[in-house]
Amino acid sequence: MKIVTIIGARPQIIKAAGLSRAIGENYNDKIEEIIVHTGQHYDQNMSEVFFEELGIPRPNINLSVGSGKHGEQTAKMITGIEQILLDEKPDAIVLYGDTNSTLAGAIAASKIHVPIVHIEAGLRSYNKSMPEEINRIMCDHASTLLFSPTKAGIENLEKEGFDLSSVSPFSADNPGAFHCGDIMYDNSLYFSELSDERSNVLQENGLKKGGYVLSTIHRNDNTDQPERLTAIFEAILEIIEKYKIEFVLPLHPRTAKQMEINLSQELRRRIESEIRLKLIDPVSFLDMIALEKNSKIIVTDSGGVQKEAFFFEKPCVILRPETEWVELVECGAAQIVGWDKGLILSAFDHYMSTADIQFPALFGDGKAGKFMCEKMLESLK
Ligand code: UD1
Ligand code: UDP
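Just so we're aligned, residue 2 is where the sequence shown starts under this note's numbering, counting upward by one.
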């Protein structure tokens, strides 16, 4: 079986490592994978670093699309992906998550009848102002095989009319949807030990185990609106002052740019002069795992980081008005606070004073990649 895998944004490169590893370990003689990088992310520390570190096969093709407005960026990707599919004639295209690279792959493939495999299907924020919500809904509804990491995800698909009892042969008109665990959980388990051995990020940044907060911010809803970005940084500064705790914040390039535009000079001066707030460049995945595992609390608007907080049993303050990972909130391991300064502070206070937090097994058995390979082989060839 021949598959074309589309990656583009940082989390997709990381997720793809899980499937490529499963193929390499068990299905090398049965599945040929062609990796196409759209070039949505292109900085060394947003892309190349992951190939070096995670042992992912280098992309066979890079479309070098780069940044741009949604339509412009997506259109360039569609054009490039369509041509690759016409040339390669794969049995399926594999798409991850909900970025513009995902949507472009779905549009290109569905029009020329290449079956779509969507990994991380069924997740919903029920907020259509998010570009990701549109991308994931459209991709799900054009897919032939849908792999949902969570129970909530598979239930969302059922609500939208997917028949969970449908049987092979699957097609876009008779899709197969499966609840199979999370490929990111496979990765966190696999790379955790390697991170212990190889990462020096704590020493490099003078951080003590359990003595700091890890934070990431990159959602356009937070970065592009001055009042929201301001409220988030004011809350962080207040927490640092109150608890005399360090914050480490690997800065997404979007956020670095928007901080210059959207924060007042006075706030930027306060941020720069606060030595307990460490703004650092984006880190590698092994460094990120080390930062997550050794943190006290995680404060983030990232989908992936919310889940990794849970995998490593850290409470999470979610800087969004809703989450696709509802199970984390339902079991008390995470709280939704949006960009409301008061809510950020009170969620933080809660987790500083609560030790008894449950982290039940919600994301499978670490073998989601293997399950997906088996299903693809069974259903697509
Ligand atoms: C994208 C995804 C988002 C995902 C995130 C993961 C969409 C609509 N959004 O958001 O779902 O959570 O990736 O990180 O697909 N930039 C650089 N260097 C890079 C990449 C980006 O400087 O290597 C800057 C550019 O100024 C660019 C901005 O970041 O305009 C935003 O990049 P883009 O890929 O459009 O969206 P993300 O915010 O990264
Ligand atoms: N990540 C990383 N280095 C960083 C920040 C994040 O390796 O400096 C990893 C993180 O561990 C997770 C993924 O990137 O696996 C999440 O990506 P991101 O937050 O960019 O996007 P989202 O998950 O919100 O789509």
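Beta carbons are placed, not taken as given, at the ideal position from N, Cα and C, and that holds for glycine.
Check the Cα spacing between G343 and each of I240, R220, I262: the tightest is with I240.
Straight across, the Cα-Cα distance linking A109 with I82 is about 6 Å. Distances taken from the Cβ of N101 to the heavy atoms of the ligand UD1 include one shorter than 7 Å. Distance check between Y213 and each of I299, I14, L147 places I299 closest, using alpha-carbon atoms only. S193 sits close to I290, with the two beta carbons spaced by under 8 Å.
Here I184 is actually not in contact with K31; their C-beta atoms are around 19 Å apart, not less than 8 Å. Taking C-alpha positions only, Q41 is separated from H351 by approximately 38 Å. The criterion of a C-beta distance shorter than 8 Å is not satisfied by I62 and A236. The set of residues with a C-beta under 5 Å from any non-hydrogen atom of the ligand UDP comprises R11, P12, I15, P251, P283, V284, F286, M289, S303, G304, G305, given in chain order. Non-local beta-carbon contacts of L280 in its own chain, meaning distances under 6 Å to residues more than five positions away in sequence, involve L250, L252 in chain order. The DSSP-derived three-state label of C317 is strand. Only buried fits S149, as 16 or more other CB atoms lie within 10 angstroms of its CB. F313 and K294 have their alpha carbons spaced roughly 6 Å apart.
Counting C-beta pairs closer than 8 Å gives three or more between the region 254 to 268 and the region 220 to 234, which meets the contact rule. The shortest CA-to-CA distance from L215 to any of S303, S130, D174 is the one to S303. Shown here, K31 sits in coil according to DSSP, grouped into three states, outside any helix or strand.
Contact annotation, A107 with M131: C-beta distance approximately 17 Å; criterion of less than 8 Å not satisfied. Annotation: G177 to R271 spans about 53 Å, alpha carbon to alpha carbon.
If you look at P132, you'll find it in the alpha helix (DSSP H) that goes 132 to 141. Using a cutoff of 7 Å, the CB of M47 counts as near the ligand UD1, since one of the ligand's heavy atoms is closer than that. Bounds of the alpha helix (DSSP H) holding H71 are 71 to 89. I7 places its beta carbon less than 8 Å from that of V37.
The residue among M353, E275, I233 with its C-alpha nearest the C-alpha of W340 is I233. In this structure, M377 and A18 do not form a Cβ contact; the two beta carbons are roughly 17 Å apart against a cut-off of 8 Å. For the ligand UD1, no non-hydrogen atom lies closer than 7 Å to the CB of R321. In this structure, the CA atom of E205 is about 49 Å from the CA atom of K382.
For the set G9, I85, N29, the Cα lying nearest the Cα of S68 is the one of G9.
In this model, R220 and N101 are separated by some 14 Å (Cα to Cα). A direct Cα-to-Cα measurement between L147 and T39 gives close to 22 Å. Relative to the Cα of F286, the nearest Cα in the group F372, F51, K209, G25 belongs to F51. Going by C-alpha positions, S274 is about 54 Å away from V115. As computed with DSSP, G177 is found in a beta bridge with L146.
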